[in-house]
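Under the working numbering, the first residue of the sequence shown is numbered 204, with each subsequent residue one higher.
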Amino acid sequence: MNYCSHCGASGPVLEIPEGDNRPRFICKSCDTIHYSNPNIVAGCLPIWGDKVLLCRRAIPPREGYWNVPSGYLENGESVEEGAIREVWEEAEAKVTIRGVHSLYSLPHINQIYIHFLADLEDGQYGVGPESSETQLFSEEEIPWQEIAFTSSVFTLKKFFADRQEGQQNTHLGVYDYPKKDPSK
Ligand code: ZN
Numbered sequence: 204m205n206y207c208s209h210c211g212a213s214g215p216v217l218e219i220p221e222g223d224n225r226p227r228f229i230c231k232s233c234d235t236i237h238y239s240n241p242n243i244v245a246g247c248l249p250i251w252g253d254k255v256l257l258c259r260r261a262i263p264p265r266e267g268y269w270n271v272p273s274g275y276l277e278n279g280e281s282v283e284e285g286a287i288r289e290v291w292e293e294a295e296a297k298v299t300i301r302g303v304h305s306l307y308s309l310p311h312i313n314q315i316y317i318h319f320l321a322d323l324e325d326g327q328y329g330v331g332p333e334s335s336e337t338q339l340f341s342e343e344e345i346p347w348q349e350i351a352f353t354s355s356v357f358t359l360k361k362f363f364a365d366r367q368e369g370q371q372n373t374h375l376g377v378y379d380y381p382k383k384d385p386s387k
């Protein structure tokens, strides 16, 4: 951090604040402590009949790959509002939320995905500016080799497994990234 986003002074320093236990950027001019915390990515798995709606990404990262419509939560909105907004922006579809389907943490990049199950309200959908294509897929049609993110794979696998058993559960997942071997 080169400048304080609160007062504009240069050079906030990395120190452990009094009473804290980890380093934060602290501005020595205005005493602001700049906390940095994980970002929430909210989305919905839209359902229509026995199919689910996915979006092919028109933007990086993972451009050209399919994704459960999701995006960063904005300030001032609830997680549900953010998830419904993302479905509209990416797939021009209106959805009604059934409930929380998956909470998926990516600690190595400070992201938390919250995916809801949602019903497409009228079966209508389009292609939003961040998508190049949108499509309803049955389980057999899912392009597993072309799914953008592990969060989407997790959500889809859990959804189809639940459906097979006639259940609707909430699932907790953590991205299991390969940790460095300390001996190397
Ligand atoms: Zn400052």
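Even glycine gets a Cβ: it sits at the ideal position worked out from N, Cα and C.
Item to check | Residue range of the alpha helix (DSSP H) that includes W291 | outcome: Residues 282-294.
Checklist entry - Is the closest heavy atom of the ligand ZN to the C-beta of S213 under 7 Å? => result Flag unset: Cβ of S213 not near the ligand ZN.
Checklist entry - In its own chain, which residues sit with a C-beta less than 8 Å from the C-beta of A249, not counting the 5 before and 5 after it? => result For clarity, residue 249 is Pro in the given sequence; the question names Ala instead. Same-chain partners within the cutoff: V255, L256, P272, V290, A294, A296, V298, A321, D322, L323, Y328.
Item to check | Beta-carbon proximity list for G246, same chain, < 6 Å, skipping 5 on both sides | outcome: Leaving aside the five residues that flank G246 on each side, the residues in its chain whose CB is nearer than 6 Å to its CB run, in chain order, V271, P272, S273, A286, E289, H318.
Checklist entry - Taking just the CA atoms, how far does V303 sit from E277? => result For the pair E277 and V303, the Cα-to-Cα distance works out to about 19 Å.
Checklist entry - Can you tell me whether DSSP reads K254 as helix, strand or coil? => result Strand.
Next on the checklist: What does the alpha-carbon distance come out to for the pair C258 and S213?
Outcome noted: For C258 and S213, the gap between their C-alpha atoms comes out near 42 Å.
Checklist entry - Would the beta-carbon of S305 be found less than 7 Å away from any heavy atom of the ligand ZN? => result Flag unset: Cβ of S305 not near the ligand ZN.
Item to check | Per DSSP, cross-strand counterpart(s) of I300 | outcome: Under DSSP, I300 forms a beta bridge with A321.
Checklist entry - Which of the three DSSP states, helix, strand or coil, is assigned to E221? => result E221 sits in coil when the DSSP states are folded into three classes, being neither helix nor strand.
Checklist entry - Cα-Cα, which of R225, H209, P215, I350 is closest to K231? => result With distances taken between Cα atoms, K231 lies closest to P215.
Next on the checklist: Less than 7 Å between C-beta atoms, sequence neighbours within five positions excluded: which residues of the same chain meet that for D365?
Outcome noted: Cβ-Cβ distances below 7 Å link D365 to Q371, N372 in the same chain, with the five nearest sequence neighbours on each side left out; the list follows chain order.
Checklist entry - Going straight from the alpha carbon of W347 to that of E221, what length do you get? => result Inter-residue distance for W347 and E221 is about 49 Å (C-alpha atoms, whole angstroms).
Checklist entry - Roughly how many whole angstroms lie between the Cα atoms of Y380 and S335? => result Roughly 29 Å between the two C-alpha positions.
Checklist entry - Under the DSSP definition of a beta bridge, which residues are partnered with V377? => result As a beta-bridge residue in DSSP terms, V377 pairs with S308.
Checklist entry - Exposed or buried, what is V244 when buried is set at 16 or more other beta-carbons lying within 10 Å of its beta-carbon? => result When all chains shown are included, V244 counts as buried.
Checklist entry - Are the beta-carbon atoms belonging to I312 and L306 less than 8 Å from one another? => result Against a cut-off of 8 Å, the Cβ pair of L306 and I312 comes out as no contact.
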